[in-house]
Amino acid sequence: IIVHELAHSLVARRFGMPIKGITLFIFGGVAEMNEEPPSAKSEFFMAVAGPLTSILIGMVFYAFGMLAGASIPEAVAAVIRYLALINLILAGFNLLPAFPLDGGRVFRSILWAWKKDLKWATRFSSRIGSGFGVLLIVLGGLSFFGGNIVGGIWWVLIGFFMLSASRMSYQQLLLRKALEGEPVQRFMREDPVTVPPDITLQELIENYVYKYHYKMFPVVENDKLVGCISTAEVKEYSKDEWQNHQVGELAANCSDDNTIDPQEDALNALSTMRRTDKSRLMVVEKSELVGVITLKDMLKFFSLKLELNDGK
5 IIVHELAHSL VARRFGMPIK GITLFIFGGV AEMNEEPPSA KSEFFMAVAG
55 PLTSILIGMV FYAFGMLAGA SIPEAVAAVI RYLALINLIL AGFNLLPAFP
105 LDGGRVFRSI LWAWKKDLKW ATRFSSRIGS GFGVLLIVLG GLSFFGGNIV
155 GGIWWVLIGF FMLSASRMSY QQLLLRKALE GEPVQRFMRE DPVTVPPDIT
205 LQELIENYVY KYHYKMFPVV ENDKLVGCIS TAEVKEYSKD EWQNHQVGEL
255 AANCSDDNTI DPQEDALNAL STMRRTDKSR LMVVEKSELV GVITLKDMLK
305 FFSLKLELND GK
């Protein structure tokens with residue numbers, strides 16, 4: 005699975021798509037991209053790279069098992085045959101035209117190249133992916149009540165995963181399209197709540213966090229932005245120590261991880277939030293704090309566009 009996802013990542017980087025990392029989980033793995041592929045061609049080659057790699061690995065193990073023959077112990081031969089089989093099964097399952105599986109992405113790339121419309125191609129392929137998810141849930145249920153309890157539960161879980169992933173992938177595309185080209189300035193709050201560096205952590209919690217319900221606050225001294233403080237830094241100390249430490253001691257310096265320019269694309273703000281696991285960023289222009297942008301405000305805008313049928 006690691007080599008399978010690495011193949012995706014290498015081809016994606018070849019086409020200029022940044023890959024944040026490879027995450028393995030119970031249902032396999034995923035190469036994490038912060039944005040959609042730039043073209044149908046790039047998505048096709050990126051998507052097909054993984055299954056082709058798995059087929060190649062399976063064939064290598066199969067050929068090795070055939071050539072080794074009786075010269076290796078039967079237990080070793082059994083493991084080699086299993087590795088060949090499981091990699092071919094992995095390739096076959098991933099080639100199903102169910103988005104966001106690799107086969108679904110190949111299918112989307114073909115639709116995208118045909119209609120020249122990424123949104124339509126994603127909507128169509130995600131519906132097919134949802135259909136496959138429902139089918140797996142039904143088959144898993146029949147298998148469960150037919151006596152194959154473990155296998156049935158497994159297929160049901162995979163079905164729910166595919167159903168959720170296909171819908172989420174389409175929603176993420178709609179969100180990107182809704183925010184694309186919109187400047188950060190449009191979503192930022194121009195009157196952010198700030199805190200001075202000389203108050204204690206106890207005062208920060210009581211007078212700011214519990215009052216405004218924010219997890220991050222800009223730290224300002226003499227009208228100058230000196231950094232930010234979040235509940236994550238506060239949690240490094242026990243509650244008994246809050247009175248003994250000031251905000252200035254823990255304030256994080258301004259960086260690309262917690263600030264953004266007001267003229268930047270809102271998509272860049274969303275990407276930074278995902279990368280840093282933050283829901284608020286300070287909007288800074290020429291070293292001056294001009295506002296704060298939050299994930300909540302961007303999602304409200306997205307929700308309104310969907311409600312007005314402008315994001316479909």
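Following our numbering, the numbering of the sequence shown begins with 5 at its first residue and continues without gaps. Think of the CB as a built atom: it goes at the ideal place given N, C-alpha and C, for glycine as much as any other residue. Since the model is a prediction, treat every value here as computed from it, not as a measurement.
Quick one: what's got a C-beta closer than 7 Å to residue i's C-beta in the same chain, skipping five residues either side?
i      : result
Ala255 : Pro201, Val223, Val230, Gly231, Cys232, Ile233
Met166 : Ala102, Gly133, Phe136, Gly137, Leu140
Thr204 : Trp246, Gln247, His249, Gln250
Arg17  : Ile23
His12  : Ala35, Met50, Ala53, Gly54
Ser395 : What the structure shows of the chain is the stretch from 5 to 316, and residue 395 is not part of that stretch, so it cannot be assessed.
Tyr357 : The chain is shown from 5 up to 316; residue 357 falls before or after that span and cannot be answered.
Leu274 : Leu183, Met302
Asn152 : none
Give me the residue from the options with the minimum Cα distance to residue i.
i      : options                        : result
His8   : Arg17, Lys24, Val34            : Val34
Gly24  : Gly32, Met37, Leu115           : Reading off the sequence, residue 24 comes out as Lys, not Gly. The shortest C-alpha separation from Lys24 is found at Met37.
Lys45  : Phe221, Leu100, Lys120         : Lys120
Ser173 : Met70, Gly295, Pro104          : Pro104
Ile84  : Tyr212, Leu92, Gly69           : Gly69
Thr188 : Val80, Thr27, Val287           : The residue you asked about is not Thr; residue 188 is Val in the sequence shown. Cα-wise, what sits closest to Val188 is Val287.
Gly156 : Tyr216, Arg284, Gly144         : Gly144
Leu87  : Ile76, Ile61, Glu78, Tyr218    : Ile61
Val197 : Ser130, Leu308, His217, Asp269 : His217
Glu184 : Glu78, Met302, Phe29           : Met302
Arg171 : Ala11, Arg127, Phe149          : Arg127
Glu268 : Gly151, Cys258, Val142, Glu186 : Glu186
Gly312 : Ala182, Ala236, Thr235         : Contrary to the premise, residue 312 reads as Leu rather than Gly in this sequence. Checked all of Ala182, Ala236, Thr235; the closest Cα to Leu312 is Ala182.
Glu225 : Ile90, Ala169, Gly252          : Gly252
Glu237 : Asp260, Ile76, Gln206          : Gln206
Ser130 : Leu285, Val142, Ala169         : Ala169
Asp260 : Leu28, Lys243, Arg284          : Arg284
Val64  : Leu89, Ser75, Pro77, Ala79     : Leu89
Asn257 : Leu274, Lys228, Phe97          : Lys228
Gly96  : Val160, Pro77, Thr57           : Thr57
Arg278 : Asp244, Lys243, Lys309, Gln176 : Gln176
Do residue j and residue i count as a contact pair if the criterion is CB distance below 8 Å?
i      : j      : result
Ala112 : Ala102 : Sequence inspection shows Arg at residue 112; the Ala mentioned does not correspond to that position. Contact: no.
Phe221 : Val199 : yes
Phe19  : Pro42  : yes
Arg180 : Leu271 : yes
Glu40  : Leu122 : yes
Lys215 : Thr235 : no
Just checking my contact of residue i with residue j at CB under 8 Å: how many whole Å lie between their CB atoms?
i      : j      : result
Leu99  : Gly107 : 4 Å
Ile209 : Trp246 : 7 Å
Phe191 : Phe305 : 6 Å
Asn262 : Lys239 : That pair is no contact at about 17 Å.
Thr276 : Ile264 : 6 Å
Ala72  : Ala81  : 7 Å
Ala53  : Val110 : With 8 Å as the limit, Ala53 and Val110 do not qualify as a contact, their Cβ atoms being about 10 Å apart.
Leu373 : Ile114 : Not covered by the structure: residue 373. The range shown for the chain is 5 to 316.
Glu289 : Pro266 : 5 Å
Leaving out the 5 sequence neighbours to the left and right, which residues in its chain are closer than 6 Å to residue i when beta-carbon positions are compared?
i      : result
Glu194 : Gly295
Ser307 : none
Ala117 : Ala44
The ligand ATP and residue i: does the residue's C-beta get closer than 7 Å to at least one heavy atom of that ligand?
i      : result
Gly135 : The ligand ATP is not among the ligands present in this structure, which contains no ligands whatsoever.
Short of 8 Å in beta carbon distance, which residues of its chain neighbour residue i, apart from the five on each side in sequence? Order them along the chain.
i      : result
Met21  : Met37, Glu39, Pro41, Pro42, Ser46, Met50
Tyr212 : Val197, Val199, Tyr218, Phe221
Ile26  : Ile6, Glu9, Leu10, Ser13, Gly33, Val34, Ala35, Glu36
Phe149 : Gly156
Complete alpha helix (DSSP H) runs within the region 150–204 (minimum length 4 residues, chain order):
153–183
Run through the region 31–89 for me and flag every whole beta strand (DSSP E) of 3 or more residues, listed as ranges in chain order.
32–37
Report the residue ranges of all beta strand (DSSP E) runs contained in full by the region 219–276; include only those spanning at least 3 residues, in chain order.
220–225, 228–234
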